[in-house]
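Scroll down for the structure; my scribbles are underneath it.
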Amino acid sequence: MPLEYGFPPVAAADARILILGSMPGRASLDVVRYYAHPRNAFWRIMGDLLGAGPELPYELRLQKLTAAGIALWDVIAACERYGSLDADIVTGSVQANDFATFFAAHPGITRIYFNGTAAEAAFRRHVLPEFGDRLPPQWRLPSTSPAHAARGYAEKLSAWSVLVAPDKAAAAAYNRPL
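Its first residue numbered 947, the sequence shown is counted upward by one per residue in this note's numbering.
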């Protein structure tokens, strides 16, 4: 099975927040765009929080994220995967992205948010051992993937609002360093 490769980071030099997914799904890989699956709530949430909704052209959405100080990337640079889901990733095939170079180029990152449990687990397994306690605080947010429908949109939006209002009471349950 051939390796699938992720995307480069979307980040301005002055980024303050890093949002990490695990690895782009099939719909995203097919069009080379982050969160391209039409039922993934990521861009709808970004629309409600930052005006970067799915109705805008993709490049404009990315510009709005970077203007807000948000960088977007995935933990996994390459892997073998049988399908589109995180559960389909072949464990021993994972190659992590080069976070040492990324953090050196983006020293202003003060918060890291994981888009779901799989991104957090991959980061803790493949990246964190290299850095120890030399990283900014990290938080897990509910996955925006349509495969994780246990939480409704309103609950996800409330949790993700920590991006624009880190002290917001509605996001307090998710706004704790891990």
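Ideal placement from N, C-alpha and C gives every residue a C-beta, glycine not left out.
| query | In its own chain, which residues sit with a C-beta less than 7 Å from the C-beta of His1072, not counting the 5 before and 5 after it? | reply | Numbered from its first residue, the sequence shown carries residue 1072 at position 126. The answer, listed in chain order, is Val1021, Val1040 and Ala1042.
| Reduced DSSP secondary structure (H/G/I, E/B, other) of Ala1042 | For the purposes of this step, residue 1042 is identified with residue 96 of the sequence shown, where counting begins at 1. The answer is strand: DSSP assigns Ala1042 an E or B state.
| Three or more beta-carbon pairs under 8 Å between the segment 949 to 961 and the segment 1098 to 1111, yes or no? | no
| Buried or exposed: which applies to Gly971, given that a residue is buried once 16 or more other Cβ atoms fall within 10 Å of its Cβ? | In the sequence shown, counting from the first residue as 1, residue 971 sits at position 25. Classification for Gly971: buried.
| message | Suppose you measure from the CA of Leu975 to the CA of Cys1025; what does that come to, to the nearest Å? | response | Mapped onto the sequence shown, residue 975 falls at position 29. Mapped onto the sequence shown, residue 1025 falls at position 79. Going by the C-alpha atoms only, they are around 13 Å apart.
| field | Bridge partner(s) assigned by DSSP for Phe1060 | value | On the sequence shown, residue 1060 is found 114 positions in, with the first residue counted as 1. According to DSSP, Phe1060 bridges with Leu966 and Arg1086.
| message | For Thr1056 and Val978, what's the separation of their Cα atoms in angstroms? | response | Mapped onto the sequence shown, residue 1056 falls at position 110. Mapped onto the sequence shown, residue 978 falls at position 32. In a straight line, the C-alpha of Thr1056 is about 28 Å away from that of Val978.
| field | Reference Asn1061; option with closest CA among Pro948, Tyr980 and Glu950 | value | If you number the sequence shown from 1, residue 1061 lands on position 115. Looking at the Cα atoms, Tyr980 is the closest of the given residues.
| request: Count the C-beta pairs between the segment 981 to 990 and the segment 1064 to 1081 that are closer than 8 Å, then say yes if the count reaches three, no if not. | output: no
| Is the distance from the Cβ of Asn986 to the Cβ of Pro1053 below 8 Å? | For the purposes of this step, residue 986 is taken as the residue at position 40 of the sequence shown. For the purposes of this step, residue 1053 is taken as the residue at position 107 of the sequence shown. Not in contact: Asn986 and Pro1053 (Cβ atoms no closer than 8 Å).
| said: Within a Cβ cutoff of 6 Å, which residues of the same chain sit near Asp960, ignoring the five residues on either side of it in sequence? | reply: For the purposes of this step, residue 960 is taken as the residue at position 14 of the sequence shown. Once the five neighbours on either side are set aside, the close Cβ partners of Asp960 are Gly1054.
| said: According to DSSP, simplified to helix, strand and coil, what is Arg1027? | reply: Here residue 1027 is taken as the residue at index 81 of the sequence shown, counted from 1. Here Arg1027 sits in strand by DSSP.
| task | Could you tell me how far apart the beta carbons of Ile991 and Trp1106 are, in whole angstroms, since I believe they sit closer than 8 Å? | result | Here the question's residue 991 lines up with position 45 in the sequence shown. Here the question's residue 1106 lines up with position 160 in the sequence shown. Yes, Ile991 and Trp1106 are in contact; Cβ-Cβ is about 5 Å, under 8 Å.
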